[in-house]
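For the sequence shown, numbering that gives the first Met the number 0 assigns the number 0 to the initial residue and increments by one for each residue that follows.
A short worksheet on the structure shown next.
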Amino acid sequence: MLRAGPSRLIRGVAGATLHTTRPTPIRATRGPQLASRLCTESLARPRPAPPILPGFRPDPIASRAHARAAFHASKGHGKDKEVDSPLAREKLQPTPETVSTTSTTTRVFEPVDDKKDPQMMASIMSDVQTIKETFSLSDVPRQAYFIGLAGVLPYLATSLSTVYCAWEINHATSTGFGYLMSAQSAELLLQILEPLQVGYGAVILSFLGAIHWGLEWAGYGGSQGYRRYAIGVFAPAVAWPTILLPVEYALITQFVAFTFLYRVDTKATSSGWCPPWYGIYRFVLTFIVGTSIVVSLIGRGEIAERMGRLPSPAQRIREFQEAGAQPLEEGEEGRTQALEKEE
0 MLRAGPSRLI RGVAGATLHT TRPTPIRATR GPQLASRLCT ESLARPRPAP
50 PILPGFRPDP IASRAHARAA FHASKGHGKD KEVDSPLARE KLQPTPETVS
100 TTSTTTRVFE PVDDKKDPQM MASIMSDVQT IKETFSLSDV PRQAYFIGLA
150 GVLPYLATSL STVYCAWEIN HATSTGFGYL MSAQSAELLL QILEPLQVGY
200 GAVILSFLGA IHWGLEWAGY GGSQGYRRYA IGVFAPAVAW PTILLPVEYA
250 LITQFVAFTF LYRVDTKATS SGWCPPWYGI YRFVLTFIVG TSIVVSLIGR
300 GEIAERMGRL PSPAQRIREF QEAGAQPLEE GEEGRTQALE KEE
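Pasting the structure below:
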């Protein structure tokens, strides 16, 4: 009995310990709980509605379908056939009162309402204002403005006259008679106009180079030395040899020279060598001169097949010398024969 008593007591204490002592569950860290909570809150948080454009009328069927798809996506299951079946059998109702001949189209010359697309209209008006400010030349002194525009008038006059002479030659060739002058008169006038245009272009290029000499002597932007003087030397060195070239090559060379010199003047203006308004001033004048040269080349190209290439000034001088040398040779031969008869 004594042996059985302690053993029973030990077994009772062990059983009570087993019944009262339970394993402590392992707690998860706070990191995964916090991450899952954030993900759940982000999914449950309402998302902002997309902006509605003015004049936009949403389709009720499309809106309900979109809402249903969003609901199923948030719940994590597929389509609901009970909800889709009535919508599939629903017939679209026509709305002719909202459709007209001009509801979805805009005519070419129809004035655009500023309220329809204010950003586009604001951008267009800004571009128009920039063009107006560019060609207004408000910062340019009035004397330089008027004299500069007057300086490009001879270029415009010779270009337009070249185009008109080309038209007269083509008209006389096709119909047999000219409109205001004959083909011979138009060709003679064209031979006079083209050297004038090339010569005037050489003068203008030389003048643009001489401006930098004047700015250097005035000390505008500091003393730049040979760098500024080189601009004034380069311009006439390129301009004056063009008067000896055929007219097509002469005009193309002068066009390149005007463009390059405009680039140089723009860089000089940004460096402070010229007044701030000089860059835009040169742009406007170079644009007019370049357009005139292109127009002259187009007019000359229209009659190139009928007239051929006009002789260059160097060729004219050579022909003149040959024509003058022949009478001199004939006179010298006659004088020699007269002396031989006297002897």
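Ideal Cβ positions, reconstructed from N, Cα and C, are used throughout, including at glycine.
Query                                                                                                                                                                                       : Result
Specify, as a first and last residue, the run of the alpha helix (DSSP H) that Glu186 falls within.                                                                                         : Ala182 to Ala217
Whole-angstrom Cβ separation of Ala256 and Leu204, contact assumed at under 8 Å?                                                                                                            : 6 Å
I'd like to know if the stretch 185-205 and the stretch 214-224 are in contact, where contact means that at least 3 CB-CB pairs between them fall below 8 Å.                                : no
Hey, out of Val202, Gly333 and Glu331, whose CA is closest to Val151's CA?                                                                                                                  : Val202
Would you mind reading off the limits of the alpha helix (DSSP H) that contains Val151?                                                                                                     : Arg141 to Thr174
For Val246, does the count of other Cβ atoms within 10 angstroms reach 16, so buried, or fall short, so exposed?                                                                            : buried
Cβ of Ser269 within 8 Å of Cβ of Tyr154?                                                                                                                                                    : no
With distances taken from CA atoms, which of Glu81, Phe282 and Gly298 is nearest Thr265?                                                                                                    : Phe282
Nearest to Arg299 by alpha carbon, out of Gln118, Ala185 and Gly278?                                                                                                                        : Ala185
Looking at the unbroken alpha helix (DSSP H) that takes in Gly298, where does it start and where does it end?                                                                               : Tyr277 to Glu301
Helix, strand or coil for Thr94 per DSSP?                                                                                                                                                   : coil
Identify, in the order they occur along the chain, each residue of the same chain with its Cβ nearer than 6 Å to the Cβ of Thr164, setting aside the five sequence neighbours on each side. : This sequence places Cys at residue 164; Thr is not what is there. Result list for Cys164: Ala185, Leu188 and Leu189, in chain order.
Which same chain residues end up closer than 7 Å to Leu284 when comparing Cβ atoms and leaving out the 5 residues on each side of it in sequence?                                           : Gly147 and Val151
Indicate the three-state DSSP secondary structure (helix, strand or coil) for Pro22 in the structure shown.                                                                                 : Since pLDDT at Pro22 reaches only 45, below the 50 mark, its modelled position is unreliable, and no value is offered.
Express the C-alpha separation of Ser99 and Gly289 in angstroms, rounding to a whole number.                                                                                                : 49 Å
What residues in its chain sit with their C-beta under 7 Å from that of Leu136, if we drop five residues either side in the sequence?                                                       : Tyr144, Ile279, Tyr280 and Val283
Looking only at its own chain, which residues have a Cβ that is under 8 Å from the Cβ of Pro182, when we skip the five neighbours before and after it?                                      : Rather than Pro, the amino acid found at residue 182 in this sequence is Ala. These residues qualify, in order along the chain: Glu167, Ile168, Ala171 and Thr172.
So what's Glu132 in DSSP terms, helix, strand or just coil?                                                                                                                                 : helix
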